[in-house]
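Peer 1: Residue numbers for the sequence shown follow the UniProt record's numbering, so the first one is 1 and each next one is one higher. Take a look at the following structure, please.
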Amino acid sequence: MSDKKSQPNVAEMLAMAKDFKFDDPDKQRQCQLMLKRLNIQIGDRSFEDLDDDIDFLNDLLTVIDLINERYEKSDFFEPFDLGLSVFDGIPAVFYHGKYYRVKDRDDGEFFINLKDQIVSPYFKNAETIIEDNNELFVYGQNHNGERGVFDQEGMMVAPNDISGFYAFYCTKSGNDFYVKTSSFGLGMENSTRLYTIECLTDKEKKFDRYASISEVRGVKNILIGHKDDDDIGVDVIDLNTGKTVPFDFGPEKFRFTMYNNGKFCLAFSHQKTGIQLIDPQTKEVLLTAKHYFSFESGAETFLGTAPPLKYFDNRGEEISHFGDKNVHAIGRDSKGRLIFVASVEPFSEDNTDLEVIDAKGNVLAIAYGFDNALTGIYQTKEGYVFKDGNSFYDSEHNLLLQVSGEIKKNEQSNGQLFVASYDSSTKKAEGRFIEL
Numbered sequence: 001m002s003d004k005k006s007q008p009n010v011a012e013m014l015a016m017a018k019d020f021k022f023d024d025p026d027k028q029r030q031c032q033l034m035l036k037r038l039n040i041q042i043g044d045r046s047f048e049d050l051d052d053d054i055d056f057l058n059d060l061l062t063v064i065d066l067i068n069e070r071y072e073k074s075d076f077f078e079p080f081d082l083g084l085s086v087f088d089g090i091p092a093v094f095y096h097g098k099y100y101r102v103k104d105r106d107d108g109e110f111f112i113n114l115k116d117q118i119v120s121p122y123f124k125n126a127e128t129i130i131e132d133n134n135e136l137f138v139y140g141q142n143h144n145g146e147r148g149v150f151d152q153e154g155m156m157v158a159p160n161d162i163s164g165f166y167a168f169y170c171t172k173s174g175n176d177f178y179v180k181t182s183s184f185g186l187g188m189e190n191s192t193r194l195y196t197i198e199c200l201t202d203k204e205k206k207f208d209r210y211a212s213i214s215e216v217r218g219v220k221n222i223l224i225g226h227k228d229d230d231d232i233g234v235d236v237i238d239l240n241t242g243k244t245v246p247f248d249f250g251p252e253k254f255r256f257t258m259y260n261n262g263k264f265c266l267a268f269s270h271q272k273t274g275i276q277l278i279d280p281q282t283k284e285v286l287l288t289a290k291h292y293f294s295f296e297s298g299a300e301t302f303l304g305t306a307p308p309l310k311y312f313d314n315r316g317e318e319i320s321h322f323g324d325k326n327v328h329a330i331g332r333d334s335k336g337r338l339i340f341v342a343s344v345e346p347f348s349e350d351n352t353d354l355e356v357i358d359a360k361g362n363v364l365a366i367a368y369g370f371d372n373a374l375t376g377i378y379q380t381k382e383g384y385v386f387k388d389g390n391s392f393y394d395s396e397h398n399l400l401l402q403v404s405g406e407i408k409k410n411e412q413s414n415g416q417l418f419v420a421s422y423d424s425s426t427k428k429a430e431g432r433f434i435e436l
């Protein structure tokens, strides 16, 4: 970096790093700590002086490596167009927004990535793919009849000798692999299918059986064990720690999990008390509201209550400070700050204008010609994008993209919005940037 032309780039890189948003909250904290350390090192020094400071340069490279790692881990910043009709047998299945399971008539089942590259060996049954620290594993059965977890070379890393029916869920936590299995529990009048989690690599790790087991969206290796079909009581199963925490609040029913800010909470409801948000660590009641509704934005969920109209995150903290406005969608701007789409009063068939506002109610933009069925709001470098079902529009209701089939992933990062979709009728997968 001794070249004079490189010196102004230090300021540019620091400015870019300051505004960069990571999906992983731990990475975000690490980056912020490194930036704080860099600013202390900079002080009133010139770039010429910094150019000879090995400690400063090493810390700066650490921040750059963090950002580069974030880009390298994302497969959503290169358009793709896959025609999968050449494969038959089972339909192509989309995994983790990055991989497809397909079947060749002669050689069996395997996985490809969005660049049409084969990323696994051929299996008799390839049931799911696992991604962990840039390594890929496949859970399935090879052509020798062996069932379990295999690496990308086809070597067995965790055999599965557990009896039971499999629900095609497999994950890795630390050095252990876990699968969801099912079996029949005998009742007084009929048998009931029950589910549990089995550890393939440590048989001493045991979990209860449940009527069903669901994943917590946005959080890896955290599951909800539903004790019965009425959801009166649930367990939070943490595969990262191996611990199970019961949640039973009498007549209150479990409704859903809320994820944002890198954490989640549990939502229970009761006919008399309404909704309650519960901290999964302390079991503290974070919020109680008689009337409520929820918003989904990617992996995030937010809660609205009325009357009066207010909006909350998963910590029970109010995220809106703009009075009694009717919000139709919640999203984040290019810097990760919350933005809202709200009605311009009075909202009617003759007046379909919407406001894009920040948390304080400042009007950022006006959108024209929309109804109140919006399901998403995004910000790119060119402006705001509005999602209505499978359609994306600009602020003047001009159609930007109409997706056929199912949207598998929306990814917004660094001022860009990328949409991945799969149409099972045509067996075609596409990934595209949305451009205004």
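A virtual CB, placed ideally from N, CA and C, is assigned to each residue, including glycine.
#1: When the Cα atoms are used, what is the spatial distance from D88 to V102?
#2: Which runs of the beta strand (DSSP E) spanning at least 3 residues fall entirely within the region 257-330, listed in chain order?
#3: Please report the distance separating the alpha-carbon of I118 from that of F111.
#4: Taking the alpha-carbon positions, what's the D248 to V234 distance?
#5: Per DSSP, what kind of secondary structure is N240 in: helix, strand or coil?
#6: I'd like to confirm the pairing. Which residues does DSSP put opposite residue 438 in its beta bridges?
#7: Tell me whether I357 is buried or exposed, calling it buried when 16 or more other Cβ atoms sit within 10 Å of its Cβ.
#8: Thinking just about the alpha-carbon of each residue, which of L57, Y169, L374 is nearest to the one in H328?
#9: Excluding five sequence neighbours on each side, which residues of the same chain lie with their C-beta closer than 7 Å to the C-beta of Q141?
#10: Quick one: what's S391 bridged to in DSSP?
#11: Who are the near neighbours of N221 in its chain, counting only those whose CB is closer than 6 Å to its CB and skipping five residues on each side?
#12: Taking L338 as the reference, which of S183, T305, G298, P307 has the closest Cα?
#13: Please state whether DSSP places L114 in a helix, a strand or coil.
#14: Going by alpha carbons, who is nearest to D279 out of K272, Q379, L287?
#15: May I ask which residues mark the beginning and end of the beta strand (DSSP E) holding L364?
#16: Which residues in the same chain have their Cβ closer than 8 Å to the Cβ of V157, if we skip the five residues on either side of it in sequence?
#17: Could you round the C-beta distance between K335 and S320 to whole angstroms and report it? I think they count as a contact, below 8 Å.
#18: Kindly list the residues whose CB is nearer than 6 Å to the CB of G369, restricted to its own chain and excluding five residues on each side of it in sequence; keep chain order.
#19: Go to T101, then tell me how far its beta strand (DSSP E) extends in each direction, as first and last residue.
#20: Determine the direct distance from the alpha carbon of E300 to that of G262, and round the result to whole angstroms.
#21: According to DSSP, what are the bridge partners of residue 459?
#22: Which of the three DSSP states is assigned to N58 in this structure?
#23: Report the option in K253, K290, R315 whose CA atom is closest to the CA atom of C265.
#24: Compute the Euclidean distance between the alpha carbons of S74 and I54, then round it to the nearest angstrom.
#25: Select from T196, R37, T201, L354 the residue whose C-alpha is nearest the C-alpha of T244.
#26: Use the C-beta contact count for S421: other C-beta atoms within 10 angstroms, 16 or more gives buried, fewer gives exposed.
#27: Would I213 be called buried (16 or more neighbouring beta carbons within 10 Å of its own) or exposed?
#28: Rounded to whole angstroms, what's the CA-CA distance from V285 to D324? Just pull it up for me.
#29: Are the CB atoms of L417 and Y378 nearer to each other than 7 Å?
Peer 2: Concretely, from the data shown:
#1: With a pLDDT of 43 at D88, under the threshold of 50, the modelled position of that residue is not reliable, and no figure is offered here.
#2: Every beta strand (DSSP E) of 3 residues or more that sits fully in the region 257-330 is shown, in chain order, as 263-270, 274-278, 285-289, 292-297, 300-305, 310-312.
#3: Approximately 6 Å between the Cα atoms of the pair.
#4: Roughly 7 Å between the two C-alpha positions.
#5: Assigned with DSSP and collapsed to three states, N240 falls in coil, not helix or strand.
#6: Residue coverage of the chain in this structure runs from 1 to 436, which leaves residue 438 outside it and unanswerable.
#7: Buried, since its Cβ has 16 or more Cβ neighbours within 10 Å.
#8: Per the Cα distances, L374.
#9: The beta carbon of Q141 sits closer than 7 Å to the beta carbons of F123, K124, N125, R147 from its chain, once the five residues preceding and following it are set aside; these are given in chain order.
#10: DSSP output for S391 lists D388, Q402 as bridge partner(s).
#11: Excluding residues within five positions, the ones whose Cβ falls inside 6 Å are T171, S173, L239, N240.
#12: It is G298 whose Cα lies nearest to the Cα of L338.
#13: Residue state, collapsed to three classes: coil.
#14: Put simply, of K272, Q379, L287 the residue whose alpha carbon is nearest the alpha carbon of D279 is L287.
#15: Here the beta strand (DSSP E) through L364 covers 363-367.
#16: Same-chain partners within the cutoff: F137, G148, V149, F150, D151, F177.
#17: Cβ-Cβ separation between K335 and S320: approximately 18 Å, too far for a contact (criterion under 8 Å).
#18: Here G369 has T352, H397 as same chain residues with Cβ atoms under 6 Å from its own Cβ, once five neighbours each way along the sequence are excluded.
#19: Rather than Thr, the amino acid found at residue 101 in this sequence is Arg. R101 -> beta strand (DSSP E) spans 99-104.
#20: Taking the straight line from one Cα to the other gives about 9 Å.
#21: Outside the displayed range of the chain (1 to 436) lies residue 459, so it cannot be described from this structure.
#22: N58 falls in the helix class under three-state DSSP.
#23: The option with the nearest alpha carbon to C265 is R315.
#24: At S74, the pLDDT of 46 sits below 50, so the modelled position is not reliable; the number obtained from the coordinates is stated separately. Cα to Cα, S74 sits roughly 31 Å from I54.
#25: For the residues T196, R37, T201, L354, the minimum Cα distance to T244 belongs to T196.
#26: Answer is buried; the Cβ neighbour count reaches 16.
#27: Counting of Cβ neighbours within 10 angstroms places I213 among the buried residues, the total reaching 16 or more.
#28: Going by C-alpha positions, V285 is about 25 Å away from D324.
#29: The Cβ atoms of L417 and Y378 sit closer than 7 Å to each other.
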